[in-house]
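For the record, in the sequence shown the residue sitting at position 10 is 10 according to the UniProt record's numbering, with numbers rising by one throughout.
All residues carry an ideal CB built from backbone N, CA and C; glycine is no exception.
Note that the coordinates shown come from a computational prediction; the quantities given were computed from them, not determined experimentally.
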Amino acid sequence: MLVHLCNNSLYYTLMTEQCPKTCNRCTDGTTTALACRDFVDYKTGVSNCPQMVAYCKNSLYLQLMKEQCPKTCGYCQ
Numbered sequence: 001m002l003v004h005l006c007n008n009s010l011y012y013t014l015m016t017e018q019c020p021k022t023c024n025r026c027t028d029g030t031t032t033a034l035a036c037r038d039f040v041d042y043k044t045g046v047s048n049c050p051q052m053v054a055y056c057k058n059s060l061y062l063q064l065m066k067e068q069c070p071k072t073c074g075y076c077q
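Structure below.
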């Protein structure tokens, strides 16, 4: 897991946005909103989820897509 990056000054903001549960930074009312974001590649600042949409319902990639691309795949509550 990436928990070791939670308090790293270079990754603090990214980890707070992308991994609030892992970093224990969820707060009431924001958990759903934060969880309903597609993962953004920290190197490019862009999500590749739109290009991967065909994998949303593929059983081999279902769990990964739920975690990485919930907005694109329509898994948001």
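- Cys76 sits exposed, since fewer than 16 C-beta atoms from the chains shown fall within 10 Å of its C-beta.
- For the pair Tyr42 and Leu14, the CB atoms are nearer than the 9 Å cut-off.
- In this structure, the beta-carbon distance from Cys49 to Thr22 does not fall below 9 Å.
- In the assembly as shown, Gln18 is a buried residue. Its beta-carbon has 16 or more other beta-carbons within 10 Å.
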